[in-house]
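Asks: Can you read through this structure? Questions will come right after.
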Amino acid sequence: MENRFHISLPCMHIEATEKFYTQILGASAGRKAKLWVDINLFDHQLTFTKSGKFKFDYPSYSFENTVLPSFHFGILLDDKKWNALYAKMKSENFLHIDKTSFLNGEAGAHKSFFLRDPNGYIIEFKCFKDGDAVFTA
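Now the structure itself:
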């Protein structure tokens, strides 16, 4: 088994969350029960647990003249998958922060776009110019 990432997050509506990830992002649902659902997002496991209202405040920060949410999670995609997903999200008007390039001409150069799910979580989709430079300083 490859190393995979798992995160468990509270959510307000299981059905709306499952619909967003499966029907909009094209992920698949895994195991589920009345109060939780597992989502397979590019072979990483997201577990959403119905929690009722929860406080979701986060500060922002500025990076290369773009204001970004400090609390977000994301996925690294190759260029082909990134471009296809970006085109779909752009055409369906789901972008929270449109395509932005960071660290141009430097180690770690990448492009990103951000979505907001039904719970208010921000999801970043990154594509590195050089996939081997993800952790290069």
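Position 88, counted from 1, in the sequence shown is what the numbering used here calls 98; the numbers after and before it change by one each time, with no gaps.
Glycine included, each C-beta is placed from N, C-alpha and C at the ideal position.
Please tell me whether F58 and T32 are closer than 8 Å, where the distance is taken between their beta carbons.
Replies: No, these two residues do not count as a Cβ contact at 8 Å.
Asks: Please report the distance separating the alpha-carbon of V144 from that of G36.
Replies: 25 Å
Asks: DSSP three-state label for K44, please.
Replies: coil
Asks: What residue from E25, S122, K44 has the CA that sits closest to I85's CA?
Replies: S122
Asks: Does I17 pass the burial test, meaning 16 or more other C-beta atoms within 10 Å, or should it be called exposed?
Replies: exposed
Asks: Which same chain residues end up closer than 8 Å to L87 when comparing Cβ atoms and leaving out the 5 residues on each side of it in sequence?
Replies: Once the five neighbours on either side are set aside, the close Cβ partners of L87 are F52, L95, F135, K136, C137.
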